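Participant: Residue 197 is where the sequence shown ends in this note's numbering, and the numbering goes up by one at each step.
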Amino acid sequence: AQYYLQSDMLLWHTFAYYHILAMLNCLCTLWFINCTAKGRTAGWLAENLHKTLQSSDPAIRLWEYRDLWVDLSHMMQQLGKAYSGMYGMYCILILLTTIVASYGCLTEILDHGLSFKEAGLFLISFYCLTLLYIICNEAHYASQKMGPEFRERLLNVNLGVVDIRTRQEVIMFLTAIDKNPPIMNLN
Numbered sequence: 011a012q013y014y015l016q017s018d019m020l021l022w023h024t025f026a027y028y029h030i031l032a033m034l035n036c037l038c039t040l041w042f043i044n045c046t047a048k049g050r051t052a053g054w055l056a057e058n059l060h061k062t063l064q065s066s067d068p069a070i071r072l073w074e075y076r077d078l079w080v081d082l083s084h085m086m087q088q089l090g091k092a093y094s095g096m097y098g099m100y101c102i103l104i105l106l107t108t109i110v111a112s113y114g115c116l117t118e119i120l121d122h123g124l125s126f127k128e129a130g131l132f133l134i135s136f137y138c139l140t141l142l143y144i145i146c147n148e149a150h151y152a153s154q155k156m157g158p159e160f161r162e163r164l165l166n167v168n169l170g171v172v173d174i175r176t177r178q179e180v181i182m183f184l185t186a187i188d189k190n191p192p193i194m195n196l197n
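1) Is the region 115-129 close to the region 154-173, with three or more CB pairs under 8 Å?
2) Since glutamate 148 contacts leucine 72 with CB under 8 Å, what's their CB separation in whole angstroms?
3) Would you give the residue range spanned by the alpha helix (DSSP H) that serine 125 belongs to?
4) To the nearest whole angstrom, what separates the beta carbons of cysteine 36 and isoleucine 145, a pair I think is in contact under 8 Å?
5) Which of the three DSSP states is assigned to valine 80 in this structure?
6) For the candidate residues Gly157, Val110, Leu141, Ala69, whose alpha-carbon lies nearest to that of arginine 50?
7) Near asparagine 197, what residues of its chain come up, given a Cβ to Cβ distance below 7 Å and the 5 sequence neighbours on each side ignored?
8) Assuming threonine 108 contacts leucine 139 under a Cβ cut-off of 8 Å, what Cβ separation, rounded to an integer in Å, is found between them?
9) Which two residues bound the contiguous alpha helix (DSSP H) that contains proline 158?
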């Protein structure tokens with residue numbers, strides 16, 4: 011975009027920006043894949059939970075699912091801790107780029123009116139805000155699938171029709187969810 015927007019910039023000067031764009035896109039894609047995988051795994055686990063409750067001995071399977079859920083919740087928390095420095099700086103970089111590009115766009119519009127240069131700056135701001143939205147939305151999606159949606163499925167179990175061991179496992183499962191909240195954040 012800068013090649014077309016700045017008359018003194020040669021095409022080969024744009025090669026300096028390709029690795030930055032690749033890094034921004036790859037980091038966002040990595041976060042998207044990790045969060046989506048955690049959310050889908052939690053969804054599949056919740057679907058199989060209802061099938062398990064209709065089986066002959068659901069208490070043992072609920073115990074196994076509870077262990078799986080605790081492991082998945084721990085992995086989700088560790089993912090945020092492991093990537094905290096890198097994605098913390100990534101979010102700051104995206105936010106600062108958005109602020110600078112928006113400021114540049116507004117000052118150019120006020121000084122010189124609308125042109126292709128302002129469109130490029132607006133495009134950069136929109137691109138950075140899209141990356142930030144993807145990161146925040148996917149972390150929220152994974153946290154929702156693991157926490158409130160999973161808890162809601164357990165709360166919808168009719169405890170009056172299951173045996174005592176299954177009832178205890180459901181209660182222990184709900185306690186595990188309360189004590190290990192699956193919150194995806196950058197500590």
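Where is the CB? At the ideal position from N, CA and C, for every residue including glycine. In this text the structure is predicted, and so the values were computed from the model without any measurement.
Facilitator: The structure says:
1) no
2) 29 Å between Cβ atoms; not a contact.
3) Taken as a continuous stretch (DSSP letters only), serine 125 belongs to no alpha helix (DSSP H), as it is neither H nor E.
4) Wrong, their Cβ atoms sit about 13 Å apart, outside the cutoff.
5) helix
6) Gly157
7) Gly90, Lys91, Ser94
8) Contact holds; Cβ gap of about 6 Å.
9) Where proline 158 is concerned, the enclosing alpha helix (DSSP H) stretches over 158-165.
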